[in-house]
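K.L.:
2 protein chains.
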Amino acid sequence: MTSDDVRTRIIATADDLYNARGIQSVGMDELRTAAGVSLKKLYQEFPSKSSIVMAVLERWHASWTEGLDARVRQADAPRDRLLAMFDYLAEWFGQDSFRGCGFINSFAELGAVSPDVAEYARKHKESFQVYVGHLAADAGAPSDLAPQLSILAEGAQTTAAIAGTSDAAGHARRAAEVLVDAALMRPSRRAG
Amino acid sequence: MTSDDVRTRIIATADDLYNARGIQSVGMDELRTAAGVSLKKLYQEFPSKSSIVMAVLERWHASWTEGLDARVRQADAPRDRLLAMFDYLAEWFGQDSFRGCGFINSFAELGAVSPDVAEYARKHKESFQVYVGHLAADAGAPSDLAPQLSILAEGAQTTAAIAGTSDAAGHARRAAEVLVDAALMRPSRRAG
DNA sequence: CAGCGTATAGAACGATCGTTCTCAAAACAA
DNA sequence: TTGTTTTGAGAACGATCGTTCTATACGCTG
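Quick mapping for you: the protein sequence lines, in order, are chains U and A.
Here the first sequence is numbered in this note's numbering, starting from 1 and rising by one per residue.
Here the second sequence is numbered in this note's numbering, starting from 1001 and rising by one per residue.
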């Protein structure tokens, strides 16, 4: 087995465990057992737990970014592309493994004691806002729209996580439609 | 010193520490020292750490609920009362001690391993949605509006916490104005 | 087969967790 | 004062944390 295989397996296992139960609740021994790797090999690949955490955050960032972009590319019209992120959220929330945004969660857990985690979470959210900003600019919307839609997306994530339902995606999407149509000066359709 | 004084001081100290650094990062010994109370007295007042955590959650819930309601009562018009929550958020975000919503944070930290914490967080957020629902109903808005504004408020909290700025309150407020005016069928003012 | 280098499983380390116990000082009763 | 009870600070407990070390099994070369 190559070194890359081992690394990948460790990160994938840590991804699952950290997402399901949080970072501090998962010890190195449990990760070692679940990944089927010796403790020595684990520390051969990663110098410390925090380096595994950072690798998992990178995986989460890549997975989220790619998944979102793929979903956005399915839409053609600028308005639909702006709203596609909420369809992506809906799919995500529907997964059994969904337990909230890993960045919000890891920031809540470790943001105050780990500057690295805090900064990575901040950059991830910032890159999302920048991405939404590009979509909004393509649609010709004023610059206010992007942070508003981003806040809606964040709120949907925490609401879905805590409430345990995926309704939040639908609510957020309908709110986004109103905001987008107002920004583009279209008449927004209202559920009479 | 009465028993109530000791309890109150322990809870107030735990409030500060848990808010600033998270729950799992603060040990009983640190809490004991910061509260100026012997370990024996601490365990005399609370049978376990988790009971302290629950007491702090109750304090957070009461503080948030009362603060929000006080702010809402300052406004008279139904529309202003609906938007007042975002002014309350703005004040909160501006405090030095702000480090995100304690319920979102504690849910992220312990929701998966402590059913009590998960349920309390769920109920807190649900009670907020119900409160917003009453405000929306008083304004004559359709039932869709309340969850949408709630999601905006949640998103503002996580965004303000992670980004470290209080801009999110303003963005959320402006988005809320558009949603409220659309729901009430008023022409929404746009920043041309 | 003999001998050597590597990889592994898991024992063990020091630190810290939540919690309990000890034991001396303080407070009170008579 | 003397005897009893309550309080106090903090030592100590077992468990678990992240991390390191050791002792054994294995694969290779000759």
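Cβ atoms here follow ideal geometry from the backbone N, Cα and C, with glycine treated the same way.
Bear in mind the structure is a predicted one, so any value in this text is a computation, not a measurement.
(1) Return the chain-ordered list of same chain residues with a C-beta closer than 7 Å to the C-beta of R1059 (chain A), the five sequence neighbours on each side being excluded.
(2) Measuring only the C-alpha atoms, how far is F107 (chain U) from A141 (chain U)?
(3) Is there a C-beta anywhere in chain A that falls below 8 Å from the one on A84 (chain U)?
(4) Which residue's Cα is closest to the Cα of F1074 (chain A): A:D1144, A:T1065, A:A1084?
(5) Is there a Cβ from chain A that is less than 8 Å from the Cβ of S150 (chain U)?
(6) For chain U, find out if any of its Cβ atoms is closer than 8 Å to the Cβ of R1174 (chain A); answer yes or no.
(7) Helix, strand or coil for I23 (chain U), going by three-state DSSP, please let me know.
(8) Is the beta carbon of S143 (chain U) sitting closer than 8 Å to the one on V132 (chain U)?
(9) Relative to the C-alpha of A1163 (chain A), which candidate in U:R174, U:A169, U:H124, U:A182 has its C-alpha closest?
(10) Apart from the five residues on each side of it in sequence, which residues of its chain come closer than 8 Å, Cβ to Cβ, to Y1088 (chain A)?
(11) According to DSSP, is A160 (chain U) part of a helix, a strand, or is it coil?
(12) Using 8 Å as the limit for Cβ to Cβ distance, is T1158 (chain A) near chain U?
(13) Reducing DSSP to helix, strand and coil, say where S166 (chain U) ends up.
(14) How far does the alpha helix (DSSP H) with A118 (chain U) in it extend, from its first residue to its last?
(15) Check each candidate in U:A136, U:A161, U:T165, U:A169 and name the one with the smallest Cα separation from L152 (chain U).
(16) Can you list, in chain order, the residues of the region 136-150 of chain U whose Cβ is nearer than 8 Å to any Cβ on chain A?
(17) Can you tell me which of the three DSSP states P142 (chain U) falls into?
(18) Residue range of the alpha helix (DSSP H) that P1078 (chain A) falls in?
(19) Look at R1174 (chain A) and Q148 (chain U) and say whether their C-beta atoms are less than 8 Å apart.
(20) Apply the 10 Å Cβ neighbour rule to T196 (chain U) and answer buried if 16 or more other Cβ atoms are within range, or exposed otherwise.
(21) List, in chain order, every chain U residue whose beta-carbon is nearer than 7 Å to that of H1061 (chain A).
(22) Within 8 Å of any Cβ in chain U, is that where the Cβ of G1164 (chain A) sits?
P.N.:
If we stick to the structure as given:
(1) Here residue 1059 (chain A) corresponds to residue number 59 of the second sequence, with the count starting at 1. Here the set comprises I1011, D1015.
(2) Position 107 of the first sequence, counted from the first residue, corresponds to residue 107 (chain U). Position 141 of the first sequence, counted from the first residue, corresponds to residue 141 (chain U). Cα to Cα, the separation comes out at about 31 Å.
(3) Along the first sequence, one-based indexing puts residue 84 (chain U) at 84. Not closer than 8 Å to any Cβ of chain A, the Cβ of A84 (chain U) fails to qualify, so no.
(4) Looking up residue 1074 (chain A) in the second sequence gives position 74. For clarity, residue 1074 (chain A) is Gln in the given sequence; the question names Phe instead. Selected option, being the one with the closest Cα: A:A1084.
(5) Counted from its first residue, the first sequence places residue 150 (chain U) at position 150. By this cut-off, S150 (chain U) is an interface position.
(6) Mapped onto the second sequence, residue 1174 (chain A) falls at position 174. Yes, R1174 (chain A) lies at the interface with chain U (some Cβ there is under 8 Å from its Cβ).
(7) As a first step, residue 23 (chain U) must be located in the first sequence, where it is residue number 23. Here I23 (chain U) sits in coil by DSSP.
(8) Residue numbering aside, residue 143 (chain U) sits at position 143 when the first sequence is read from its first letter. Residue numbering aside, residue 132 (chain U) sits at position 132 when the first sequence is read from its first letter. Not closer than 8 Å, so no.
(9) The residue you call residue 1163 (chain A) lines up with position 163 of the second sequence. Nearest option by C-alpha distance: U:H124.
(10) Position 88 of the second sequence holds residue 1088 (chain A). Answer for Y1088 (chain A): G1067, L1068, R1071, V1072, listed in chain order.
(11) Position 160 of the first sequence holds residue 160 (chain U). In this structure, A160 (chain U) counts as helix in the three-state DSSP scheme.
(12) Reading the second sequence from its first residue, position 158 is the one you call residue 1158 (chain A). Closer than 8 Å to some Cβ of chain U, the Cβ of T1158 (chain A) qualifies, so yes.
(13) Sequence index remark: in the first sequence, residue 166 (chain U) carries index 166 (1-based). S166 (chain U) falls in the coil class under three-state DSSP.
(14) What you label residue 118 (chain U) is simply residue 118 of the first sequence in a count that begins at 1. Where A118 (chain U) is concerned, the enclosing alpha helix (DSSP H) stretches over 115-138.
(15) If you number the first sequence from 1, residue 152 (chain U) lands on position 152. The shortest C-alpha separation from L152 (chain U) is found at U:A169.
(16) P142, D144, P147, Q148, S150
(17) Taking the first sequence and counting its residues from 1, the one referred to as residue 142 (chain U) is at position 142. Residue state, collapsed to three classes: coil.
(18) Residue 1078 (chain A) sits at position 78 when you count from the first residue of the second sequence. Per DSSP, P1078 (chain A) belongs to the alpha helix (DSSP H) from 1078-1094.
(19) Working through the second sequence from its first residue, we reach residue 1174 (chain A) at position 174. Working through the first sequence from its first residue, we reach residue 148 (chain U) at position 148. Contact: yes.
(20) The requested residue 196 (chain U) is not part of the displayed model; chain U covers only 1 to 192.
(21) Locating residue 1061 (chain A) in the second sequence gives position 61, counting from the first residue. Within 7 Å Cβ-Cβ: nothing; H1061 (chain A) doesn't reach chain U, min ~14 Å.
(22) What you label residue 1164 (chain A) is simply residue 164 of the second sequence in a count that begins at 1. Yes, G1164 (chain A) counts as interfacial toward chain U.
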